Amino acid sequence: MPRAGLQALILCGPGTSFGTLLNQEKTPKCLALVANRPMIYYPLKFCETSHISDVTLITPPSALAHIQSALQQNSYLKSLPMPKVLAPQDLQATMATAQLLRLPEVQYCIESDFLLLPCDLVCEIEGTYLLQMWMASQGQTVMAEEERHCRGGLCVYYHAADAVKDEVSDLIAIEPLRQTKISARSSHRPAKLLMSIGMDTVKRNLERDKGFLLRHSFAKRQATQAKMLTGYRDAHLYIFPYWVKDLARRQERLVSISEDLIGLWAKSAWQRGLHEKLGMDTCLSQRKENHGEHDYRELSTITHQPPQNDISEVPPLLTYLHTGSTPLVSRVDNPALLLSTTIRLAKLESIEEVDHAATQSPFAHDRKIASPEFVASNCFISKTDCLLGSNVIVEKHSVIKESCIGPNSKICSGARITRCVILDNVVIGERCVLTGCVVGSGSYIGNDSVLRECEIQEGNVLLEQTEAKNEKFMPLFEDLEEDI
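Okay, here's the thing in structure tokens:
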């Protein structure tokens, strides 16, 4: 595939949804370990496999030094092309995503069509596949050089895991594209996005309005096979045309990219007058200067003819719905998702276990047990669903099943670990029993403790014989500081 000529922006936001697990001053969210790799490794790997070399991480200034240090020292990050790191001086941890796009440094950074994705996305889908889908679906006319300011966008949704605690989802409305040529990979065609609303917003509106209100202009689309879906989640993986940069700058009513920019863009295709209110007509009338980008017309295999009730001035916003469980697509933005995604990745066969010619996940590790010389011979480790980082010590009579143990951790004799994520530099005391737990970096669990479905913040120390279920543990000194 020819190089796409796109740039990528990766948003490295705060880890507030991780609650007590992460100490933000010590560990920025993007450096939290997911299957023993820094979280930011996964979107960077996605960009590498997408053949996008112009990659910029956008982070609050408070996390800049931590991220730069990790990029220079972490072996996983050093194996990837070095991205640029941008820390706008006015970027606050609480700033919304569309507001972030209006910052002068970010505006200056965007020079072409761009890929926008979060630091917490784990995506096994080939980026080249999504780029081809986007380029092809624009059609010959839209992709022509003189019409490039009219390109549409593409966003990705995946089926949210019902079993994962606190997994958010969206209400979306889509309709199939009217195609005159069939893509070579027709089993996963993009659809046109008509509506996208977070389920939390839907619930608030239902309570306020005593029902779900729909405009007549949307109801008329039933003849075009429009349908509404629940159970999907916005992956926050977007392919945006250059003009979206100007739209974000001009329209201050846009706060969230997911709810506002995507939601309003989708509705503007059928809600008359909305695109003028958003200033889309102004942005689309200003043609971007040619920066030597590639011409994509030879890649087009699909043409799209809008229905008669579409508003022709609005470029289409398409969506790719990922319906299956494989390949893996997941946000990792809370402890429950960190647990489920890490264990999913731990179950991948290692590179040494499979034929190199076989189809393999880009996230497979070289070995399931990085340092076997530190593992006692008379312990049990279920290699099919476990992952042990470098310098992990496992003492005699220990049992580890369906778990990931971070580097430089120690599992003392007689401990039993089941379906847990143990981050780096952790000590699990003798005869401890942990089930369904997430243990933060540098924590110590005292001997004979029994924990079930607990979260332990990094740097915490639990006394011997601690017993708990569904608890969140914070260091004692932080509790004292709150009381002062």
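The sequence shown begins at 547 in our numbering and counts up one residue at a time. The beta carbon of each residue, even a glycine, is placed where N, CA and C say it ideally should be. This structure is a prediction, so every number in the text was calculated from the model and none was measured.
Measuring straight from C-alpha to C-alpha, what distance separates residue i and residue j?
| i | j | result |
| --- | --- | --- |
| E1031 | F564 | Beyond the ends of the chain as shown, which are 547 and 1030, falls residue 1031; an answer cannot be given. |
| G698 | P861 | 5 angstroms |
| T595 | Y704 | 20 angstroms |
| T747 | G777 | 14 angstroms |
| R648 | A781 | 22 angstroms |
| N880 | D712 | 8 angstroms |
| W816 | G809 | 12 angstroms |
| F909 | E1004 | 25 angstroms |
| H911 | V580 | 12 angstroms |
| A707 | I889 | 14 angstroms |
| K813 | V601 | 30 angstroms |
| G935 | G561 | 23 angstroms |
| Y588 | K756 | 42 angstroms |
| V967 | S949 | 6 angstroms |
| F660 | R735 | 21 angstroms |
| L885 | L667 | 14 angstroms |
| P1021 | E657 | 45 angstroms |
| T790 | V878 | It should be pointed out that residue 790 corresponds to Val in this sequence rather than to Thr. About 26 angstroms. |
| G551 | H597 | 9 angstroms |
| K956 | E976 | 10 angstroms |
| V996 | V979 | 5 angstroms |
| D636 | P873 | 38 angstroms |
| E721 | C696 | 21 angstroms |
| I586 | G559 | 11 angstroms |
| A616 | L820 | 44 angstroms |
| T887 | D931 | 12 angstroms |
| R779 | V714 | 7 angstroms |
Locate the alpha helix (DSSP H) running through residue i, then write down its first and last residues.
| i | result |
| --- | --- |
| P881 | P881 to A892 |
| R754 | M745 to D755 |
| T674 | G673 to S683 |
| P650 | P650 to C655 |
| T964 | Segment R962 to T964 is the beta strand (DSSP E) holding T964; no alpha helix (DSSP H) there. |
| R795 | W789 to R796 |
What are the boundary residues of the beta strand (DSSP E) that includes residue i?
| i | result |
| --- | --- |
| T930 | T930 -> no beta strand (DSSP E), and no H or E assigned at all. |
| Q553 | Q553 to L557 |
| S804 | Careful: S804 lies outside any beta strand (DSSP E) and carries neither H nor E. |
| E1013 | E1013 to K1015 |
| G699 | G699 to H705 |
| E721 | D716 to P722 |
| T828 | Looking at the DSSP string, T828 is not in any beta strand (DSSP E); the run it does join, the alpha helix (DSSP H), is M826 to S831. |
| R735 | No beta strand (DSSP E) holds R735; DSSP gives it neither H nor E. |
| T1037 | Coverage of the chain is limited to positions 547 through 1030, which leaves residue 1037 absent and any answer about it impossible. |
| S646 | A small correction: the amino acid at residue 646 is Leu; Ser does not occupy that position in the sequence shown. Premise fails: L646 lies in the alpha helix (DSSP H), T643 to L647, not in any beta strand (DSSP E). |
| P664 | F660 to P664 |
| V945 | V945 to K947 |
| K630 | K630 to L632 |
| L667 | L667 to C669 |
Around the Cβ of residue i, are there at least 16 other Cβ atoms within 10 angstroms (buried) or fewer (exposed)?
| i | result |
| --- | --- |
| S621 | exposed |
| L883 | buried |
| D716 | buried |
| I974 | buried |
| E1010 | exposed |
| F926 | exposed |
| W625 | Correcting the residue identity first, residue 625 is Ser in this sequence and not Trp. When all chains shown are included, S625 counts as exposed. |
| I897 | exposed |
| A611 | exposed |
| P787 | buried |
| G986 | buried |
| E753 | exposed |
| P627 | exposed |
| R818 | exposed |
| R750 | exposed |
| N1016 | exposed |
So what does DSSP say about residue i, is it helix, strand or coil?
| i | result |
| --- | --- |
| I598 | coil |
| L781 | The sequence as given places Ala at residue 781; Leu does not occur at that position. Here A781 sits in strand by DSSP. |
| K813 | helix |
| T872 | coil |
| T605 | coil |
| K624 | helix |
| C1000 | coil |
| L1050 | In the structure displayed, the chain extends from 547 to 1030; residue 1050 sits before or after that span and is not available. |
| S615 | helix |
| S987 | coil |
| K711 | coil |
| C593 | helix |
| S563 | helix |
Should residue i be counted as a contact of the ligand GDP given a C-beta to heavy atom distance under 6 angstroms?
| i | result |
| --- | --- |
| T566 | The ligand GDP is not part of this structure, which contains no ligands at all. |
- Would the region 675 to 682 and the region 737 to 751 be scored as touching if the rule is three or more Cβ pairs under 8 angstroms? no
- Do the region 643 to 657 and the region 570 to 588 touch if we need at least three Cβ pairs shorter than 8 angstroms? They do not touch, by the three-pair rule.
- Query: Is the number of C-beta pairs between the region 653 to 663 and the region 782 to 799 that are closer than 8 angstroms three or more?
  - Reply: Because the criterion of three Cβ pairs below 8 angstroms is met, the region 653 to 663 and the region 782 to 799 touch.
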